[in-house]
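The sequence shown: position 47 = 47 (UniProt numbering), numbered continuously. Where is the CB? At the ideal position from N, CA and C, for every residue including glycine.
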Amino acid sequence: MIRDHAGGNEKIKEMVPGIKVYGGSLDNVKGCTHQVENGDKFSIGAHVNVLSLHTPCHTKGHISYYVTGKEGEDPAVFTGDTLFVAGCGKFFEGSAEQMYQSLCVTLGSLPQPTQVYCGHEYTVKNLLFALTVEPSNVKLQQKLAWAQNQRQAGLPTIPSTIEEELETNPFMRVDLPELQKLVGFNDPIEALREIRKRKDNWRG
Ligand SMILES: [Zn+2]
């Protein structure tokens, strides 16, 4: 398990005796007390429901948490290192096939207004890279200008929404023939593999 998201678990267990720590059953999450699998549900207090979604690739057991109110209202998804704003995690323990399933099928089919909370503030760099793939995407140009303003003002660029990601995140847009054409593959998984390869080699 990537330490940057689990490093505080032991400490918080000392500070809050009895606290529950949830983590994917396939990742050896430090301090985990409750292992979850795809589809597992639990609640936080009386008003918050959580659905566990297996979104592997960055790590083999990566879980994203889909969180709503009691009646399914105000959806948000916590995507860790699988989906970033305008980007995705490196393929440390998985393949392009898995990332396609995680990003474009599992997360891509959540309701479009779902707010996206990712694990790192990589937005500006991701948008700069995304523009190398899709230079004439107007939504992308607008989001970059907005994100740069946010960061200059010391503000976060997170959350995004699933709708915005479908408009601006090249890794989530690989089903579109026009994007496939831009990267030279007429297959979504091959396009995803190619964009990840370009990003890994990009020195923006
Ligand atoms: Zn991380």
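>> Could you check whether residue 45 and residue 171 sit closer than 9 Å to each other, using their CB atoms as the reference points?
In response: What you label residue 171 is simply residue 171 of the sequence shown in a count that begins at 1. What you label residue 45 is simply residue 45 of the sequence shown in a count that begins at 1. Not closer than 9 Å, so no.
> Between the C-alpha atoms of residue 176 and residue 165, what's the straight-line distance to the nearest angstrom?
Replying inline: Working through the sequence shown from its first residue, we reach residue 176 at position 176. Working through the sequence shown from its first residue, we reach residue 165 at position 165. As the crow flies, the alpha-carbon of residue 176 is around 13 Å from that of residue 165.
> Which class does residue 51 belong to by DSSP, given the choice of helix, strand or coil?
Replying inline: Position 51 of the sequence shown, counted from the first residue, corresponds to residue 51. Annotated three-state conformation of residue 51 is strand, per DSSP.
>> Tell me which residue opens and which closes the beta strand (DSSP E) that residue 42 is part of.
In response: Working through the sequence shown from its first residue, we reach residue 42 at position 42. From DSSP, the beta strand (DSSP E) with residue 42 extends over 41-44.
> So residue 92 and residue 58 are in contact, right, with Cβ under 8 Å, and what is the actual spacing, rounded?
Replying inline: For this step, residue 92 is matched to residue 92 along the sequence shown. For this step, residue 58 is matched to residue 58 along the sequence shown. Between residue 58 and residue 92 the Cβ distance is about 5 Å, and since that is below 8 Å, they are a contact.
>> For a test of your reading of the model: does the CB of residue 80 fall under 8 Å from any non-hydrogen atom of ligand 1? Yes or no.
In response: Counting from one through the sequence shown, the residue named residue 80 turns up at place 80. Yes - ligand 1 has a heavy atom lying nearer than 8 Å to the Cβ of residue 80.
>> Taking only three categories from DSSP, how would you classify residue 83?
In response: Position 83 of the sequence shown, counted from the first residue, corresponds to residue 83. Taken through DSSP and simplified to helix, strand or coil, residue 83 comes out as strand.
> Taking residue 63 as the reference, which of 162, 106, 181, 111 has the closest Cα?
Replying inline: Within the sequence shown, residue 63 is the residue found at index 63, counting from 1. Among 162, 106, 181, 111, the Cα nearest to that of residue 63 is on 106.
> Is the closest heavy atom of ligand 1 to the C-beta of residue 5 under 8 Å?
Replying inline: Here residue 5 corresponds to residue number 5 of the sequence shown, with the count starting at 1. Residue 5 Cβ: within cutoff of ligand 1.
> Where do the N-terminal and C-terminal ends of the beta strand (DSSP E) with residue 115 fall, by residue?
Replying inline: Along the sequence shown, one-based indexing puts residue 115 at 115. Element bounds for residue 115: 115-118.
> Run through DSSP, which three-state label would residue 210 get?
Replying inline: Residue numbering for the chain in the displayed model covers 1 to 204; residue 210 lies beyond these limits and cannot be assessed.
>> Check whether the segment 176-195 and the segment 89-104 touch, using three or more Cβ-Cβ pairs below 8 Å as the test.
In response: By the Cβ test, the segment 176-195 is in contact with the segment 89-104, since at least three Cβ pairs between them sit closer than 8 Å.
> How should residue 110 be labelled, buried or exposed, when 16 other C-beta atoms within 10 angstroms of its C-beta is the threshold for buried?
Replying inline: For the purposes of this step, residue 110 is taken as the residue at position 110 of the sequence shown. Looking at its Cβ environment, which holds 16 or more other Cβ atoms inside 10 Å, residue 110 is buried.
>> Using only CA atoms, which one of 153, 27, 71 lies nearest to residue 94?
In response: Within the sequence shown, residue 94 is the residue found at index 94, counting from 1. For residue 94, the nearest C-alpha among the options comes from 27.
> Got a sec, what are the start and stop residues for the alpha helix (DSSP H) residue 142 sits in?
Replying inline: The residue labelled residue 142 in the question sits at position 142 within the sequence shown. It spans 138-152 - the alpha helix (DSSP H) in which residue 142 sits, taken as one unbroken run.
>> Per the DSSP calculation, residue 78 is bridged to which residue(s)?
In response: The residue you call residue 78 lines up with position 78 of the sequence shown. Among the bridge pairs identified by DSSP, residue 78 is matched with 65, 117.
> Who are the Cβ neighbours of residue 121 in its own chain at under 7 Å, not counting the five residues just before and after it?
Replying inline: As a first step, residue 121 is located in the sequence shown; it is residue number 121 there, counting from the start. Sequence-distant Cβ neighbours of residue 121 in its own chain, meaning closer than 7 Å and more than five residues away, are 156, 157, 158.
> Under three-state DSSP, which class holds residue 199?
Replying inline: As a position in the sequence shown, residue 199 is number 199, starting the count at 1. DSSP places residue 199 in helix when its eight states are reduced to three.
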